[in-house]
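> Letter by letter, the sequence shown follows residues 2 to 334 in the working numbering.
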Amino acid sequence: MQIEEVVAFLKEKSIRSVVLFCHHNADLDSFGSAFGFGELLKRINPGLQVSIVTPGGLSRLSKRLAEKLRVEITDSPPLSAADMVVLLDVNTVIQLDDWGDRIRSLEVPILLIDHHAPHPETQKLASFSVLDETAASTAEIVYRFWRETGFDIAYQEALALFLGIAYDTRHFALANSETFQTILDLIDHGIEVKEALQMIAVPLELPERLARLKAVGRAKIHRICSWVVAVSETSAFQASACRALLKVGADVAVVGGVKDEKLRISLRSTGDFFRKTGLHLGRDVAVPLGIAIDGAGGGHEMAAGANGRGDPVASLEMGLDLIRERLSLPQDR
2 MQIEEVVAFL KEKSIRSVVL FCHHNADLDS FGSAFGFGEL LKRINPGLQV
52 SIVTPGGLSR LSKRLAEKLR VEITDSPPLS AADMVVLLDV NTVIQLDDWG
102 DRIRSLEVPI LLIDHHAPHP ETQKLASFSV LDETAASTAE IVYRFWRETG
152 FDIAYQEALA LFLGIAYDTR HFALANSETF QTILDLIDHG IEVKEALQMI
202 AVPLELPERL ARLKAVGRAK IHRICSWVVA VSETSAFQAS ACRALLKVGA
252 DVAVVGGVKD EKLRISLRST GDFFRKTGLH LGRDVAVPLG IAIDGAGGGH
302 EMAAGANGRG DPVASLEMGL DLIRERLSLP QDR
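#1: Since G279 is in the alpha helix (DSSP H), which residue starts that stretch and which ends it?
#2: How many angstroms separate the CA atom of P47 from the CA atom of D133?
#3: Whole angstroms is fine: what's the gap from G165's alpha carbon to D273's?
#4: When you compare the CB positions of D257 and P208, do they come within less than 7 Å of one another, or not?
#5: In the DSSP assignment, find the beta strand (DSSP E) that holds R17 and state where it starts and stops.
#6: Going by C-alpha distance, which of W100, V87 and Q96 is nearest V109?
#7: From S241, A155, I201 and G311, pick the residue whose C-alpha is nearest to that of I188; which is it?
#8: Just to confirm my understanding: we take V288, look at its own chain, exclude 5 residues before and 5 after, and list those with CB closer than 6 Å. What are they?
#9: Output the distance between the C-alpha atoms of Q332 and L323, rounded to the nearest integer angstrom.
#10: Could you pull the DSSP bridge partners for Q50 from this structure?
#11: Rounded to whole angstroms, what is the Cα-Cα separation between L89 and G57?
#12: Which residue comes first and which comes last in the alpha helix (DSSP H) that contains V143?
#13: Does R44 come out as helix, strand or coil in the three-state DSSP assignment?
#14: Pairing CB atoms from the segment 70-77 with CB atoms from the segment 111-119, are three or more of them under 8 Å?
#15: In its own chain, which residues sit with a C-beta less than 6 Å from the C-beta of E193, not counting the 5 before and 5 after it?
#16: Just how far apart, CA to CA, sit Y144 and L162?
#17: Would you mind working out which of V19, D84 and D30 sits nearest I53, comparing C-alpha positions?
#18: Between the alpha carbons of H223 and D285, how many angstroms are there, rounded?
#19: Does DSSP classify I95 as helix, strand or coil?
#20: Identify every run of the beta strand (DSSP E) within the segment 176-258, keeping only runs that are complete inside it and at least 3 residues long; order them along the chain.
#21: Taking 7 Å as the cut-off, decide whether the C-beta atoms of V253 and S267 are in contact.
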């Protein structure tokens, strides 16, 4: 669906209450997008009640932003009275934790705004979708809404979207030409780049550092043709552990673990691996892996994940097998 069609719907006077959902442990892209879109909704429809829900809470960096913006996060949104629900940077319903089942049963319009490879269940659930895999972040797509409506974005919303983009592009390393144009536009609204980036340039805390070190120490290395695939276990910080494995030499990292009876698996690859193989971690690995572990998966071409239930060792082996199959190689070399 086109942005102008969604905006026309949002201008309906019957829309009085909207609930915005971030994904589990909302990162800066998800939370920044929710804040930025929520403020836009208030401009489009003055008097609108907007609530932001963050299943599982906010990430450490998002908490810092929420404190700076003085944003109120609710654990008890008026969901039964909502006229619309918006999912921001939510690839699969399982990322909503216990809220997923409640949202599935709703009879109100659901808007999905995301930059991941679309997940079939989430697309089917959504009444409207504004999806763009080529966007480097969901915050970029939210900024398009601002640009389309013509409202002048204020400093706080600009900061939230700027940090969302900076975080998801790894300080602009994954940015494209549109990303940089968006960044220039946001800077014009009072963003001091050095000061803003200092908000997300904080040292890793001890638990995350330990998780990374454990993952590296436990890693099993597989050679698939000329590629190095590292597979490891840790009960927390799986995505961070994947990034650590890439930094020490892996082309692909698959890290999983169980916490509170929930299995979480993260996958990361280098740009060189994706360009030369075309293997899309979200579509080709995480989606089928999520189904196999009785959950859901999805993500980007070089960053993806799956949540579900089961034995982490067997599940990691399934992820490795999917990579082998996609590369048409039956075994390690």
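Where is the CB? At the ideal position from N, CA and C, for every residue including glycine.
Taking the structure as given:
#1: Counting along the chain, G279 sits inside no alpha helix (DSSP H), nor does DSSP assign it H or E at all.
#2: Looking at the two C-alpha atoms, the distance is approximately 28 Å.
#3: Going by the C-alpha atoms only, they are around 24 Å apart.
#4: Per the sequence presented here, residue 257 reads as Gly, with Asp not at that position. Result no, Cβ atoms of G257 and P208 do not sit closer than 7 Å.
#5: Looking at the DSSP string, R17 is not in any beta strand (DSSP E), and its letter there is neither H nor E.
#6: Closest option to V109, Cα to Cα, is V87.
#7: Looking at the Cα atoms, A155 is the closest of the given residues.
#8: The residues are G298 and G299.
#9: Unreliable positioning characterises Q332 in this predicted model, as indicated by a pLDDT of 44, which lies under 50. The coordinate reading is nonetheless provided below. Each residue's Cα considered, the two are about 11 Å apart.
#10: According to DSSP, Q50 bridges with S18.
#11: When rounded, the separation of the alpha-carbon atoms in L89 and G57 is 15 Å.
#12: Per DSSP, V143 belongs to the alpha helix (DSSP H) from T139 to T150.
#13: Helix, per DSSP.
#14: With the cut-off at 8 Å, the segment 70-77 and the segment 111-119 do not touch.
#15: The beta carbon of E193 is closer than 6 Å to none in its chain, skipping five residues each way along the sequence.
#16: Distance between the alpha carbons of Y144 and L162 is about 7 Å.
#17: Looking at the Cα atoms, V19 is the closest of the given residues.
#18: Roughly 19 Å between the two C-alpha positions.
#19: Helix, per DSSP.
#20: Within the segment 176-258, the runs of beta strand (DSSP E) that reach at least 3 residues and sit entirely inside it are, in chain order, 221-225 and 228-234.
#21: Contact flag unset, no.
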